[in-house]
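Going by this note's numbering, the first residue of the sequence shown is number 5, and it counts up by one from there.
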Amino acid sequence: MKINKEDKATTQGLLNFIDESPTPFHAVCEAVAVLEKAGFKELHENDSWKAEKNGRYYVVRHETTLAAFVLGEEPLWESGMHIVGAHTDSPNLRLKPQPAYCKEGYLQLGVEIYGGVLLSTWTDRDLGLAGRVIVGDGAGGIRRALIKVDEALARVPQLAIHLNRNVNDKGLILNKQDHMPPIIGLAEDANVFSHWLDEQVSLGTGEYILSFDLMLHPLEKPSFIGLADEFICSPRLDNLAMCHAGLVALCAESKAASPRTRMIVVYDHEEIGSATTQGAAGSFLSDTLKRLVSVQGGDSEADCRLRSNSLLLSADMAHAVHPNYAGHHDSQHSPRMNAGPCIKINANARYATDAATAAAFEVLCKKADVPVQRFVSRSDIPCGSTIGPLSATRVGIPTVDIGNPMLSMHSAREMAGSLDHPLMIKALRSFLS
């Protein structure tokens, strides 16, 4: 199965987006650049909003969560909304507030484990550093700076097999506190790191670093692999792939008039439960819908009608069947890569899909000539979850959980099908048209 030039260019766009987005801060920054190029205008949560029919707008909360939408020609409550949801965060290693310390002559960084990291994949790998730094000016003012250091700064080395003879038979056991701090140099003074960080931020006269949200990221570039480029390998496919698909689809359909309002919303903090102001369990989407109803002169009843008339696609990556571990899948629900998006289903509502919302997604995929698969976990393996049930509960909109199948989920380097990304974009364009 050879990918054609057009589809390969589409998927290369995803790989470029991921490479520029080592953190949720950078992902939203990249998304804003794409939106503004497509003619979207920013609205601020602390301003009064004015929005026109067919207008293209976006709003950002706390730098890591974003909603972008094209207002329809009819009132929101008459036509409802089509919304694509995804999340900007991925499991990784995040620096502690006072990270640098010296041990046995090495300079190391104390890290916390963010989300369900597949720890072993972060060992013996060149790591860079990226995130947000808050800078004070000495007079009460502050500024924010994004940094992205794509240099081999850090490494978490494994213990040699000579000192851990049973590792291949009994498995690698990693203690998060003792074994995951990376080495960044040789030093007897931990302040070496602080001085280095000051240089990365380019502090001005009188400025100093107040605090930061910094995280490590793998440096190996995203790439196509396979005899015919059937696959892609990259960090953060979960879930920047769905963020990018929604973004591309919305921008592509944004210039066409529609009676219905169309939106994408990408949240932070899905990997740690979403229970934050930027997360899907927070008020961001609900607040945005209320404000748009108000802008159009609607009341609380109109807001309820809007939600009832709408549909949310919760787009998060799914589990492809693994040839070496096929027994971990239900044999009737074993998604394959490059065979189209999955509808994700769970009887205990770990996914928000029901028969009606699954059918709605399948119909729009058929319209777009996109194949559909279904994923259900084995009954004896607990099911993961995503933003779908949280958004559905918080906002009250019928929801279907979907995603492209992948391998190595939550690894420092994940794997997916190179054709599935163009297929998902086609499906989302059908939904947002």
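Glycine included, every Cβ here is placed at the ideal spot set by N, Cα and C.
Less than 8 angstroms between the CB atoms is what I'm expecting for Leu113 and Leu123, so what's the real figure, rounded? Not really, about 16 angstroms apart at Cβ, beyond 8 angstroms.
Out of Lys370, Ala253, Leu133, which one is the CA nearest neighbour of Ile187? The shortest C-alpha separation from Ile187 is found at Leu133.
From Val297 to Leu80, what does the alpha carbon distance come to, in whole angstroms? For Val297 and Leu80, the gap between their C-alpha atoms comes out near 7 angstroms.
Run through DSSP, which three-state label would Glu49 get? Secondary structure of Glu49 (DSSP, three-state): coil.
On the DSSP bridge list, what partners appear for Gly344? DSSP output for Gly344 lists no bridge partner at all.
Give the DSSP-derived three-state secondary structure of Leu254 in the structure shown. The answer is helix: DSSP assigns Leu254 an H, G or I state.
Per-residue DSSP class, three states only, for Ser383: Reduced to three states, the DSSP call for Ser383 is coil.
Give the C-beta separation of Glu203 and Gly142 to the nearest angstrom, bearing in mind that I take them to be a contact with Cβ-Cβ under 8 angstroms. With a Cβ gap of about 18 angstroms, Glu203 and Gly142 do not count as contacting.
Along the beta strand (DSSP E) that carries Asp154, what are the first and last residues, could you check? Residues 146-158.
Under 8 angstroms, do Ala440 and Pro409 count as touching if we go by C-beta distance? Outside the shown range of the chain (5 to 437) lies residue 440, about which nothing can therefore be said.
For Asn350, collect the residues of the same chain with a Cβ closer than 6 angstroms to its Cβ; drop the 5 residues on either side in sequence, then sort them by chain order. Cys387.
If contact is defined by three or more beta carbon pairs under 8 angstroms, each pair taking one atom from either stretch, is the stretch 353-360 in contact with the stretch 264-277? Judged by Cβ distances under 8 angstroms, the stretch 264-277 makes no contact with the stretch 353-360, as fewer than three pairs qualify.
Ile401 and Ser262 look like a contact to me (Cβ under 8 angstroms); what is the Cβ gap, rounded to whole Å? Not really, about 18 angstroms apart at Cβ, beyond 8 angstroms.
Verify whether the separation of the beta carbon atoms of Val399 and Ala55 is less than 8 angstroms. Not a contact, by the Cβ cut-off of 8 angstroms.
Delimiting residues of the alpha helix (DSSP H) encompassing Glu40: First-last of the alpha helix (DSSP H) with Glu40: 28-41.
Measuring straight from C-alpha to C-alpha, what distance separates Ser95 and Ile151? First, the amino acid is wrong: residue 95 is Pro here, not Ser. Approximately 19 angstroms, taken between the alpha carbons.
Return the residue from the list His183, His337, Glu155, Thr281 that minimises the CA-CA distance to Glu116. Looking at the Cα atoms, His183 is the closest of the given residues.
Rounded Cβ spacing between Ile22 and Ser238 (contact assumed at less than 8 angstroms): With a Cβ gap of about 5 angstroms, Ile22 and Ser238 count as contacting.
Cβ-Cβ separation, Gly250 to Leu432 (assumed contact under 8 angstroms), whole Å: For a cut-off of 8 angstroms, the C-beta gap from Leu432 to Gly250 is around 6 angstroms, short enough to register as a contact.
If distances are taken between C-alpha atoms only, which option among Val367, Ala322, Glu275 comes closest to Pro28? When C-alpha distances from Pro28 are compared across Val367, Ala322, Glu275, the shortest belongs to Glu275.
Counting C-beta neighbours from all protein chains within 10 Å, is the total for Gln282 16 or more, i.e. buried, or is it exposed? Classification of Gln282: buried, given that the 10 Å Cβ count is 16 or more.
CB contact below 8 angstroms: Val74 versus chain D: Absent from the structure: chain D. Only one protein chain is present.
Using the beta-carbon count (16 or more within 10 Å), is Gln377 buried or exposed? With 16 or more neighbouring CB atoms inside 10 Å of its own CB, Gln377 falls in the buried class.
Just to confirm, are Thr397 and Asp272 a CB contact at a threshold of 8 angstroms? Not in contact: Thr397 and Asp272 (Cβ atoms no closer than 8 angstroms).
Whole-angstrom Cβ separation of Met453 and Leu241, contact assumed at under 8 angstroms? There is simply no residue 453 to check, as the chain begins at 5 and stops at 437 in what is shown.
Assign Pro426 to one of three DSSP states: helix, strand, or coil. DSSP, reduced to helix, strand and coil, places Pro426 within a helical segment of the structure shown.
How is Val64 classed by DSSP in three states: helix, strand or coil? DSSP, read as helix, strand or coil, puts Val64 in strand.
What residues are listed by DSSP as bridge partners for Arg378? Answer is Ile347, bridged to Arg378.
Answer yes or no: the CB of Pro28 versus the heavy atoms of the ligand SAH, is any distance below 7 angstroms? The model on display carries no ligand, and the ligand SAH is accordingly not part of it.
With DSSP collapsed to three states, give me the class of Ile188. Reduced to three states, the DSSP call for Ile188 is strand.
Quick check for students: name the residue ranges of the beta strand (DSSP E) that lie wholly in the stretch 309-337, counting only runs of 3 or more. At a cut-off of 3 residues, the continuous stretches assigned as beta strand (DSSP E) that sit fully inside the stretch 309-337 are 315-319.
Skipping 5 residues on each side, what residues in its chain have a beta carbon closer than 6 angstroms to that of His333? So the list reads Val325, once near-sequence residues are dropped.
Residues sharing a beta bridge with Lys107, DSSP: According to DSSP, Lys107 bridges with Tyr110.
Element boundaries [alpha helix (DSSP H), containing Leu293]: Looking at the DSSP string, the run of the alpha helix (DSSP H) that includes Leu293 is 288-299.
Contact the stretch 214-226 vs the stretch 144-158: 3+ CB pairs below 8 angstroms: Output reads yes: the stretch 144-158 touches the stretch 214-226.
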